[in-house]
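Undergrad:
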């Protein structure tokens with residue numbers, strides 16, 4: 079007879095701990111624990127069924143042991159001691175000392191965390207989607223005293239995002255653009271890593287008070303350190319951007335001067351051939367708007383169009399810019415506007431969608447479809463591989479059906495479609511509202527139904543095979 083194992087000493091129970099136990103082990107409050115988990119990239123785990131209890135979050139024991147040796151815990155403790163000193167000074171009525179202590183509060187150093195989480199530069203680039211989204215979001219925020227969003231934070235976010243966009247446009251890294259209700263989606267390939275992020279439209283947003291901005295700020299604090307590292311690695315120096323187009327030209331001239339000429343003896347090497355192919359691909363993207371100068375009217379999104387056009391080899395100008403350019407400049411080939419203006423025969427007048435659609439299709443589209451104040455063609459997402467001809471044929475068929483004098487039939491079809499969509503949505507909602515136990519039962523029933531269907535299909539196929547052999 080072996081020794082009896084006590085309950086909770088071995089097995090899966092030993093691998094997981096609840097959040098309350100983790101707080102006791104680390105000797106920190108909930109606020110600091112959340113902050114530490116966000117900075118270290120540790121998230122709650124879902125334990126096996128035996129351990130699960132309602133309204134309890136579990137963590138892996140290894141993750142808690144990993145957090146125990148973190149140097150940031152010391153700064154948390156130092157901060158708590160510092161706050162006690164400030165409270166003492168305030169109770170004594172020494173406001174000068176309290177103010178001095180507030181200014182000299184211990185700050186967290188997050189440089190080692192970036193190196194720990196991203197050992198190589200490619201790892202950092204692969205995980206850059208979320209940082210870019212959050213930094214661009216905070217860059218569009220207004221200052222708010224109650225939510226502790228200062229002007230300095232917004233400016234630093236704007237600076238970081240502009241530096242990254244500068245590198246992308248100067249090295250022709252941009253590949254896809256999509257205008258959605260949420261904002262503008264961009265996709266770029268930076269040193270072999272595909273980065274997709276969203277930037278909000280330049281409209282001052284009203285900040286909702288039901289959002290937890292403290293958690294967002296902790297994420298932002300780490301992402302800012304990461305973005306500083308990435309920008310410095312890409313650009314090699316910190317650039318103060320006053321004129322975006324001028325800085326792009328400077329970077330392009332530097333990159334052209336640094337290009338190496340390959341000797342004919344090494345041209346047959348496979349790595350050099352691969353490099354040549356990459357350069358030819360980049361050339362396609364850099365020469366899309368080559369020789370074209372675009373004049374932007376005030377109603378169009380200037381910052382987005384400037385970034386996009388410069389990325390594909392074009393030139394941009396508008397009234398009252400740093401170059402003192404005007405609409406009478408003979409260089410202008412295309413005018414981007416959404417309203418009818420006095421036209422010049424030597425220029426093309428288009429809406430902003432023409433630029434984005436021609437980038438996604440990698441060719442200059444016909445200008446007649448994108449005239450100001452005209453109905454535009456559908457702006458399709460380049461992230462989903464849809465056939466443009468099929469979509470256009472479907473839209474043409476729908477237009478033809480609407481033109482026919484059968485309003486009753488069309489309304490009937492639309493009602494049927496809406497009813498089917500509502501049924502699907504209600505079914506999905508019902509599935510999400512199910513408890514875990516009921517969901518498991520529901521999944522089992524669905525699985526059995528699918529198995530029965532497969533059996534029926536196999537029997538029908540066998541029946542067909544036998545009938546064909548008999549004939």
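In the working numbering, the protein residues as written are 79 to 549.
For glycine and all other residues, C-beta sits at the position ideal for the given N, C-alpha and C.
Computed from a predicted model, the values in this text were never measured in an experiment.
Does the beta-carbon of residue 461 have 16 or more other beta-carbons within 10 angstroms, so that it is buried, or is it exposed?
TA: Its Cβ having fewer than 16 others within 10 Å, residue 461 is exposed.
Undergrad: How about residue 168: is its C-beta nearer than 8 Å to some C-beta of chain B?
TA: Here chain B cannot be found, since the structure has a single protein chain.
Undergrad: Hey, out of 317, 387, 376, whose CA is closest to residue 398's CA?
TA: Selected option, being the one with the closest Cα: 376.
Undergrad: Tell me the DSSP secondary structure of residue 544 in three-state form.
TA: Looking at residue 544 - three-state DSSP - the assignment turns out to be helix.
Undergrad: Assign residue 395 to one of two classes, buried (16 or more other C-beta atoms within 10 Å of its C-beta) or exposed (fewer than that).
TA: Per the 10 Å Cβ criterion, buried.
Undergrad: If you reduce the DSSP assignment to three classes, tell me which class residue 466 lands in.
TA: Because the pLDDT of residue 466 is 48, which lies under 50, any placement of that residue in the model is unreliable, and the number read from its coordinates should be weighed accordingly. Note: residue 466 maps to helix in three-state DSSP.
Undergrad: Are the beta-carbon atoms of residue 412 and residue 370 separated by less than 8 Å?
TA: For residue 412 and residue 370, yes; Cβs fall inside 8 Å.
Undergrad: Could you check where the beta strand (DSSP E) with residue 194 kicks off and where it finishes?
TA: Not the beta strand (DSSP E): residue 194 falls in the alpha helix (DSSP H), residues 189-195.
Undergrad: So residue 245 packs on residue 168, CB below 8 Å; how close in whole Å?
TA: About 47 Å; that fails the 8 Å criterion.
Undergrad: Since I believe residue 512 is in contact with residue 520 (beta carbons under 8 Å), could you give me their beta-carbon distance rounded to a whole number of angstroms?
TA: With 8 Å as the limit, residue 520 and residue 512 qualify as a contact, their Cβ atoms being about 6 Å apart.
Undergrad: Under a three-way DSSP split, which group does residue 140 fall into?
TA: In this structure, residue 140 counts as helix in the three-state DSSP scheme.
Undergrad: Going by DSSP, what residues sit across from residue 393 in a beta bridge?
TA: DSSP, once it has assigned bridges, lists 371 as partnering residue 393.
Undergrad: What first and last residue would you give for the alpha helix (DSSP H) that runs through residue 224?
TA: Neither: residue 224 is in no alpha helix (DSSP H) and is coded neither H nor E.
Undergrad: The alpha helix (DSSP H) spanning residue 180 covers which residue range?
TA: From DSSP, the alpha helix (DSSP H) with residue 180 extends over 173-181.
Undergrad: Can you have a look at residue 309 and say buried or exposed, based on whether 16 or more other CB atoms are within 10 angstroms of its CB?
TA: By the neighbour-count rule (16 or more Cβ atoms within 10 Å), residue 309 is buried.
Undergrad: Taking only three categories from DSSP, how would you classify residue 485?
TA: Confidence at residue 485 is low in this model, with a pLDDT of 48, below 50, so its placement is unreliable and the value that follows should be read with caution. Correct three-state label for residue 485: helix.
Undergrad: By a C-beta neighbour count over all protein chains shown, 10 Å radius and 16 as the cutoff for buried, is residue 202 buried or exposed?
TA: So residue 202 ends up on the buried side.
Undergrad: To the nearest angstrom, how far is the alpha carbon of residue 94 from that of residue 117?
TA: Spanning the two alpha carbons is a distance of roughly 21 Å.
Undergrad: How big is the Cα-Cα spacing for residue 466 and residue 221?
TA: Caution applies to residue 466, whose pLDDT of 48 falls short of 50 and renders its modelled position unreliable; the value that the coordinates give is listed next. Answer to the nearest angstrom: the Cα atoms are 43 Å apart.
Undergrad: Taking residue 300 and residue 191 to be in contact with their CB atoms under 8 Å, please state how far apart those CB atoms are, rounded to whole angstroms.
TA: Yes, residue 300 and residue 191 are in contact; Cβ-Cβ is about 7 Å, under 8 Å.
Undergrad: Judging by CA-CA distance, which residue of 96, 426, 296 is the nearest neighbour of residue 213?
TA: Out of 96, 426, 296, 296 has the C-alpha closest to the C-alpha of residue 213.
Undergrad: Would you be able to state if there are at least three C-beta pairs under 8 Å between the stretch 100-116 and the stretch 151-164?
TA: Yes, the stretch 151-164 touches the stretch 100-116.
Undergrad: Residue 483: buried (16+ other C-beta within 10 angstroms of its C-beta) or exposed?
TA: Interpretation of residue 483 is limited by its pLDDT of 44, a score under 50 that renders its predicted location unreliable; the figure taken from the coordinates is listed afterwards. The residue is exposed, with fewer than 16 neighbouring Cβ atoms inside 10 Å.
Undergrad: What does a CB cutoff of less than 6 Å around residue 330 pick up in its chain, not counting 5 residues either side in sequence?
TA: If we look at residue 330 and ignore the five residues flanking it on each side, its Cβ neighbours are 248.
Undergrad: Exposed or buried, what is residue 485 when buried is set at 16 or more other beta-carbons lying within 10 Å of its beta-carbon?
TA: Model confidence at residue 485 stands at a pLDDT of 48, short of 50, so the residue's coordinates are unreliable and nothing is read from them.
Undergrad: For the putative contact between residue 162 and residue 104, defined by C-beta atoms under 8 Å, what is the C-beta separation to the nearest angstrom?
TA: Incorrect: roughly 20 Å between the Cβ atoms, too far for contact.
Undergrad: Name the two residues that bound the continuous beta strand (DSSP E) containing residue 254.
TA: That run of the beta strand (DSSP E) goes 252-257.
Undergrad: Residue 387 to residue 281, Cα distance in whole Å?
TA: Going from the Cα of residue 387 to the Cα of residue 281 covers about 21 Å.
Undergrad: Smallest Cα separation from residue 259: which of 272, 277, 273?
TA: Selected option, being the one with the closest Cα: 277.
Undergrad: Whole angstroms are fine: how far does the CA of residue 274 sit from the CA of residue 267?
TA: If you take the alpha carbons of residue 267 and residue 274, they lie about 9 Å apart.
Undergrad: What do you get for residue 100, buried or exposed, if any count of 16 or more other CB atoms within 10 angstroms of its CB means buried?
TA: Its Cβ being crowded by 16 or more others within 10 Å, residue 100 is buried.
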